[in-house]
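In our numbering, the protein residues as written are 507 to 980.
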Ligand code: NAD
């Protein structure tokens, strides 16, 4: 019998009669079952979170920090078990799974150190006025399948540091590691402060519409983000939306071809390209286009696609069948239109597992679907450009505005370009670097609000201004 992973509600690990199967994308075998929660379980979790909020929001912040550090310690102490399970359900190679688990522990620990200070607005003989930050109440957290553990804890830690309590829903594709973590933190966190429940996608709208949830923090696709905004509008819930991206990476003519080729490759192919901030459109200056595209293609041929649990695998499978079909469709569209492939492009339909070969396209047009849409797979379109103004305009000609990168020895020129990109993050000469102390968030249809840093913490609070009239006649 496949192992059942239980949900955490009110400090108890619970089961439901109905369950969902979870599949290993490397071989399509069922590797676990999880509860299929509906409205009744959601109501229980929300009621527990509401009860816990009364005391948790009044618990001294240093005690809350200690609990968060306990979560970090639980992740670190069980890292070996957690990263293996993560590869089994998500598909990413062991090394990348290890990185996600350790990054999760580090992110939680770092976030616990954030301090929300009161602000003095006025301190005169006549009046004293102060702004304080008040936790909003019960938070609904909804996360995707690409970084299931990191995305879960980066919502849990700031939510509970602020004094809120949370009901978190993992993706139905990747709930196992998060539920194992739930078991590990059950006795670390007071009952009801963190609740983790699983179900089909249909559980999401129930969370968004729940009258006793005060805020939604969501990471996922832009299409779902729009539904969340609609659902949350009924009672004007606060929302933070971390959505899709179609990030441009811009390589200036002075970049060192030999040095950047490998980094550019991994900026697109880490986690099989299933990263919101992966480089999904790579613009290379025409002066170095030929040597750099060749160097990237040569490096790509040294990387193995396969089962993430096997030594030597650099790129794992696509996480689920739906996403696999979508990436295949984009590749087929590129073939039908006669675009040139430098590497890959031929998906082998035989055998099990959702494998897409490393695929690199040679200068497809800007309106190619594979360029204009978020691929979210191991696909890298390389395009030529000739001037800074031209490439800035092309990079900005997108509904998305999540992140971007510039590669150059001339960092002043890199920063000048960065300042003209319409995105929440721009890296110069690196990629995917996120710090717990800086806000991460998108612009345009990549969402709004932030995670990480003080800005991220503030998202779980509202402002209250208290004004004392000093010479009041009472
Ligand atoms: P998704 O939108 O399909 O699902 C995300 C979560 O929303 C899942 O838990 C799902 O069950 C739930 N959900 C589905 N329908 C819902 C509804 N109507 N109401 C409420 N919840 C619902 O996204 P995905 O396919 O899991 O993830 C991939 C997407 O996430 C990509 O577009 C990627 O760019 C984006 N992403 C963004 C960030 C970021 O920080 N900006 C990070 C990671 C992934």
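In this text, a Cβ means the ideal position worked out from N, Cα and C, and glycines have one as well.
Asked, Found
"Three or more beta-carbon pairs under 8 Å between the stretch 758-770 and the stretch 740-749, yes or no?", "no"
"Taking DSSP as the reference, what is the three-state secondary structure of residue 586?", "helix"
"So, for residue 760: in the same chain, excluding its five sequence neighbours on each side, which residues have a beta-carbon less than 7 Å away from its beta-carbon?", "914, 915 and 916"
"Taking 6 Å as the cut-off, is the beta-carbon of residue 726 closer than that to any non-hydrogen atom of ligand 1?", "yes"
"Pairs of beta-carbons, one from the stretch 612-631 and one from the stretch 931-947, closer than 8 Å: are there three or more?", "yes"
"Under the three-state reduction of DSSP, which class applies to residue 539: helix, strand or coil?", "strand"
"Examine ligand 1 and report whether any of its heavy atoms sits within less than 6 Å of the Cβ of residue 741.", "no"
"Using CA atoms only, rank isn't needed, just tell me which of 889, 966, 782 and 968 is closest to residue 937.", "782"
"Just how far apart, CA to CA, sit residue 810 and residue 819?", "5 Å"
"Give me the Cβ distance between residue 974 and residue 627, rounded to the nearest whole Å; I'm assuming they're in contact under 8 Å.", "Actually they are not in contact, since the Cβ atoms of residue 974 and residue 627 sit about 11 Å apart, beyond 8 Å."
"Report the option in 841, 861 and 965 whose CA atom is closest to the CA atom of residue 957.", "965"
"Please state whether the Cβ-Cβ distance between residue 889 and residue 866 is less than 7 Å.", "no"
"Applying the criterion that 16 or more other CB atoms from any shown protein chain within 10 Å of the CB defines a buried residue, is residue 746 buried or exposed?", "buried"
"Return the first residue and the last residue of the beta strand (DSSP E) that residue 891 is part of.", "885-891"
"Mind checking residue 969: buried by the 16 CB within 10 Å criterion, or exposed?", "exposed"
"Say the cut is 6 Å; is the CB of residue 834 nearer than that to a heavy atom of ligand 1?", "no"
"Please tell me whether, using a cut-off of 6 Å, the distance from the CB of residue 711 to the nearest non-hydrogen atom of ligand 1 is below it.", "yes"
"Taking 7 Å as the threshold (C-beta atoms), are residue 777 and residue 950 in contact?", "no"
"Hey, out of 625, 658 and 638, whose CA is closest to residue 577's CA?", "658"
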